[in-house]
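So the sequence lines, in the order shown, correspond to chains B and R. Take the first sequence: its position 82, counting from 1, is numbered 83 in our numbering, and each next residue is one higher. Take the second sequence: its position 227, counting from 1, is numbered 228 in our numbering, and each next residue is one higher. For glycine and all other residues, C-beta sits at the position ideal for the given N, C-alpha and C. Values in this document were obtained by computation on a predicted structure and should not be read as measured data. Okay, so here's the structure we're looking at.
2 protein chains.
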Amino acid sequence: MGVLTKRIAVLPGDGIGPEVCTEAIKVLEAVSERFGHQFELDVQLMGACAIDATGDPLPESTLQACFEADAILLGAIGDPKYDNNPAAKVRPEQGLLRLRKSLGLFANIRPVTAYDVLLEHSPLKADRIQGADMLIYRELTGGIYFGEKGRTADGAYDHCTYTREEIVRIAHLAFQSATTRRNKLTLVDKANVLETSRLWREVVQQIAPEYPSVAVDYLFVDNAAMQMILNPKQFDVILTENMFGDIISDEASVIAGSLGLLPSASVGETAAMFEPIHGSYPQAKGKGIANPIATILSVAMMLEHFGMQEEADLVKEAVDYTLDKNVLTPELRADHPFTTEQVGAFIANYVQEGG
Amino acid sequence: MGVLTKRIAVLPGDGIGPEVCTEAIKVLEAVSERFGHQFELDVQLMGACAIDATGDPLPESTLQACFEADAILLGAIGDPKYDNNPAAKVRPEQGLLRLRKSLGLFANIRPVTAYDVLLEHSPLKADRIQGADMLIYRELTGGIYFGEKGRTADGAYDHCTYTREEIVRIAHLAFQSATTRRNKLTLVDKANVLETSRLWREVVQQIAPEYPSVAVDYLFVDNAAMQMILNPKQFDVILTENMFGDIISDEASVIAGSLGLLPSASVGETAAMFEPIHGSYPQAKGKGIANPIATILSVAMMLEHFGMQEEADLVKEAVDYTLDKNVLTPELRADHPFTTEQVGAFIANYVQEGG
Ligand SMILES: [Mg+2]
Ligand SMILES: [Mg+2]
Numbered sequence: 002m003g004v005l006t007k008r009i010a011v012l013p014g015d016g017i018g019p020e021v022c023t024e025a026i027k028v029l030e031a032v033s034e035r036f037g038h039q040f041e042l043d044v045q046l047m048g049a050c051a052i053d054a055t056g057d058p059l060p061e062s063t064l065q066a067c068f069e070a071d072a073i074l075l076g077a078i079g080d081p082k083y084d085n086n087p088a089a090k091v092r093p094e095q096g097l098l099r100l101r102k103s104l105g106l107f108a109n110i111r112p113v114t115a116y117d118v119l120l121e122h123s124p125l126k127a128d129r130i131q132g133a134d135m136l137i138y139r140e141l142t143g144g145i146y147f148g149e150k151g152r153t154a155d156g157a158y159d160h161c162t163y164t165r166e167e168i169v170r171i172a173h174l175a176f177q178s179a180t181t182r183r184n185k186l187t188l189v190d191k192a193n194v195l196e197t198s199r200l201w202r203e204v205v206q207q208i209a210p211e212y213p214s215v216a217v218d219y220l221f222v223d224n225a226a227m228q229m230i231l232n233p234k235q236f237d238v239i240l241t242e243n244m245f246g247d248i249i250s251d252e253a254s255v256i257a258g259s260l261g262l263l264p265s266a267s268v269g270e271t272a273a274m275f276e277p278i279h280g281s282y283p284q285a286k287g288k289g290i291a292n293p294i295a296t297i298l299s300v301a302m303m304l305e306h307f308g309m310q311e312e313a314d315l316v317k318e319a320v321d322y323t324l325d326k327n328v329l330t331p332e333l334r335a336d337h338p339f340t341t342e343q344v345g346a347f348i349a350n351y352v353q354e355g356g
Numbered sequence: 002m003g004v005l006t007k008r009i010a011v012l013p014g015d016g017i018g019p020e021v022c023t024e025a026i027k028v029l030e031a032v033s034e035r036f037g038h039q040f041e042l043d044v045q046l047m048g049a050c051a052i053d054a055t056g057d058p059l060p061e062s063t064l065q066a067c068f069e070a071d072a073i074l075l076g077a078i079g080d081p082k083y084d085n086n087p088a089a090k091v092r093p094e095q096g097l098l099r100l101r102k103s104l105g106l107f108a109n110i111r112p113v114t115a116y117d118v119l120l121e122h123s124p125l126k127a128d129r130i131q132g133a134d135m136l137i138y139r140e141l142t143g144g145i146y147f148g149e150k151g152r153t154a155d156g157a158y159d160h161c162t163y164t165r166e167e168i169v170r171i172a173h174l175a176f177q178s179a180t181t182r183r184n185k186l187t188l189v190d191k192a193n194v195l196e197t198s199r200l201w202r203e204v205v206q207q208i209a210p211e212y213p214s215v216a217v218d219y220l221f222v223d224n225a226a227m228q229m230i231l232n233p234k235q236f237d238v239i240l241t242e243n244m245f246g247d248i249i250s251d252e253a254s255v256i257a258g259s260l261g262l263l264p265s266a267s268v269g270e271t272a273a274m275f276e277p278i279h280g281s282y283p284q285a286k287g288k289g290i291a292n293p294i295a296t297i298l299s300v301a302m303m304l305e306h307f308g309m310q311e312e313a314d315l316v317k318e319a320v321d322y323t324l325d326k327n328v329l330t331p332e333l334r335a336d337h338p339f340t341t342e343q344v345g346a347f348i349a350n351y352v353q354e355g356g
């Protein structure tokens, strides 16, 4: 692959978001130095910081920058002064929901990897979690979270709907991904009860023959919630609808031992956004204790999205080396921890010089 | 308490259901021998076996027997030949859903207890799970599982509805139970997104002042799925709607180390059904390896429901003794395991002779 120019909208956001983005950008710059690519960064406000500055959690200039970018890097959003104020009319999260909707980001993709260095931090026994390595595809713009909702005289309702096309497009992404991994896809649904789940299962069964190498299995969501704890190693690619994905992917995130290492991507037909799964963690802001690795691994996912596989692999290798060398922030290393900035610099240096 | 006569509808169901029911009935007979009560058993078909025999997972004669009984003992239902066929028009689960609805069994109650003998079998590290003791109240006849569902030209839909009254009646049961335990109640919902969840939260906030000793907190379901693994000891009574309860209670069930020990009750205004939480486990059918203890502890919950507290306590004592003596089926004791029948006989013998 030749040298490329990519435009990246950077939304550092709130709390520790700016700190972890700073380290992720160091790594991007190291990739640029080493491989010659040009990354044009367009830093914009979103979240509580955008409300403070403009009154709007997603200002028009931010949305415009995201439309014009090849990819978006997001830190984290949210601030207790809005979250804990029930009278607040405008909330940081509204910006994120509106951005996902505007960009048509229909698939949320989360890898969950059980790094050996985290085994002691996992709530699961080591033999259950060691070696687990899964990738969860969660539908992000349909289902009950986006359905019609309201009140009746004596109650309330929420409607869950899915169209065939909403399922087809994310199912293909998940199948394609499975072919590059261990060729296993698990659909999580509740097809014994829900009509939308039966549609999901039908669509997956119809698409499956196009991916003959992929073994497909089906788990009811309640069983999946059990299997995630009992035997997480059984999973390769998981595909599921919006609400089930919310629950199952959050459950999966804690078994690995630290939220601080888990990246994510949200993709649509024409846009892609990359962000750590952790929140804005306002208590840690400015203390240099935030773990930048989840955001750095989000950059690796972005590089893969750009087709820069060698570059992405090098970033992941740098992270593995950093974990091996015990260059860790305090939640993973209580004695003699490294700072956010030191961890970022160590990884960026490996990318630029080592490997 | 004097000698009572109770009519019990027994629905052995599918897979290992008949085997575990046989052992639970042995224990009931031992209680009868020792205390002089008369238990009139009316054994009926439900589930896949009922479809095979009559075409209907809940034949009229079964429903009638349940209406006439003082309580219902259920084994397990479900068969892969129906579950894995999206074209199947009649499903075993429909029988169970219809039975719950017909009897008005609106509350499913599941204790989850971390028995010390099971700590090594729990997927969680011992320090996370030891001492966990919770009771989950899951609404059982409302929500998306019972809402209108169907197909459109290009998709499918499921409607979730709740009335205020459906929430009020189970919320009172959960609050009352909390006052007999550790006075903590956690509502699991998704009130940041769903209107039905906002109604649940409103109702619980309105009822809470009637139970001033009970501390109430609120968890979003995705966070609850994480907290159940990270710190299950924080929970006392959990209250939640039908689908969230399905997922969270199944997740909770595996952290204790074995599904084979966990009973449940489903209660309504005038009817009550008792069943192990495990499924029909068709692979194990007829092998003598199914653990009958969950069904036997379900009988203990039934005896409590009949007001037979001494009898219920004796059955639980017999189970504790059995665990202490390591009289266990193979999933808990790989070397020299006992059979389903041996475990049942050991417990029944203790109830009749020992104690
Ligand atoms: Mg979530
Ligand atoms: Mg279930």
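Residue-level contact to chain B via CB, R:T197, 7 Å cutoff: yes
Interface flag, B:H337 vs chain R, CB-CB below 7 Å: no
Secondary structure of R:V328, DSSP reduced to three states: coil
Any non-hydrogen atom of ligand 2 within 6 Å of R:D15 CB: no
Rounded separation between R:S259 and B:N193 - CA only: 24 Å
8 Å CB neighbourhood of B:I208 in its chain, flanking five on each side removed: Once the five neighbours on either side are set aside, the close Cβ partners of B:I208 are V169, A172, H173, F176.
The stretch 145–162 of chain R contacting the stretch 153–169 of chain B, beta-carbon criterion three pairs below 8 Å: yes
B:M274 (DSSP reduced to helix, strand or coil): strand
For R:V11, three-class secondary structure by DSSP: strand
C-alpha distance - B:L195 paired with R:M244, whole-angstrom precision: When rounded, the separation of the alpha-carbon atoms in B:L195 and R:M244 is 11 Å.
Interface flag, B:N193 vs chain R, CB-CB below 7 Å: yes
Below-7 Å beta-carbon distance, R:R129 vs any chain B residue: For R:R129, a Cβ of chain B is located within less than 7 Å of the residue's own Cβ.
Interface residues of chain R facing B:M227 [CB-CB closer than 9 Å]: D251, E252, S254, V255, L260
Chain-ordered chain A contacts of R:D84 [CB-CB under 8 Å]: The structure shown contains no chain A; its protein chains are B and R.
B:D190 Cβ short of 6 Å to ligand 2 heavy atom set: no
Distance CB(R:M309)-CB(R:F275) smaller than 7 Å: no
Cut-off 6 Å between Cβ atoms - residues of its own chain near B:P293, not counting five sequence neighbours on either side: V21, E24, T341, V344, G345
Segment contact flag, the stretch 226–234 of chain B with the stretch 65–75 of chain B, C-beta cutoff 8 Å, min 3 pairs: no
Element boundaries [beta strand (DSSP E), containing R:N109]: 108–114
Inter-residue spacing [alpha-carbon to alpha-carbon] between R:L106 and R:L97: 11 Å
Rounded distance between the beta-carbons of R:S254 and R:V113, thought under 8 Å: The C-beta distance from R:V113 to R:S254 rounds to 6 Å, short enough to meet the 8 Å contact threshold.
Residue-level contact to chain R via CB, B:I230, 7 Å cutoff: yes
Check: R:D84 C-beta below 6 Å from any heavy atom of ligand 2: no
Three or more C-beta pairs below 8 Å linking the stretch 43–51 of chain R and the stretch 317–333 of chain R: no
Sufficient close CB pairs (3 or more, under 8 Å) joining the stretch 182–189 of chain B to the stretch 233–244 of chain B: Taking 8 Å as the limit for Cβ pairs, the verdict is that the stretch 233–244 of chain B does touch the stretch 182–189 of chain B.
B:K90 at chain R interface by Cβ criterion, 7 Å: It does not; no Cβ of chain R falls within 7 Å.
Minimum Cβ-Cβ distance from R:C161 to chain B less than 7 Å: Interface residue, yes.
C-beta neighbour in chain R for B:V222, strict 7 Å: yes
Cross-strand partners of R:P264 (DSSP beta bridge): R:P277
Continuous beta strand (DSSP E) stretch holding R:L74: start and end: It spans 72–77 - the beta strand (DSSP E) in which R:L74 sits, taken as one unbroken run.
Where the beta strand (DSSP E) through R:G56 begins and ends: Segment: none, R:G56 is in no beta strand (DSSP E) and carries neither H nor E.
Per-residue DSSP class, three states only, for R:M47: Looking at R:M47 - three-state DSSP - the assignment turns out to be coil, as it is neither helix nor strand.
Listed by chain order, chain R residues near B:K102 by CB distance under 9 Å: In chain order: nothing, as chain R lies at least about 14 Å away.
Any chain B beta carbon closer than 7 Å to R:K234: no
Cβ-based neighbour list, R:E69, same chain, cut-off 7 Å, excluding 5 preceding and 5 following: R8
Chain-ordered residues, beta carbon under 5 Å from a heavy atom of ligand 1: B:D247, B:D251, R:D223
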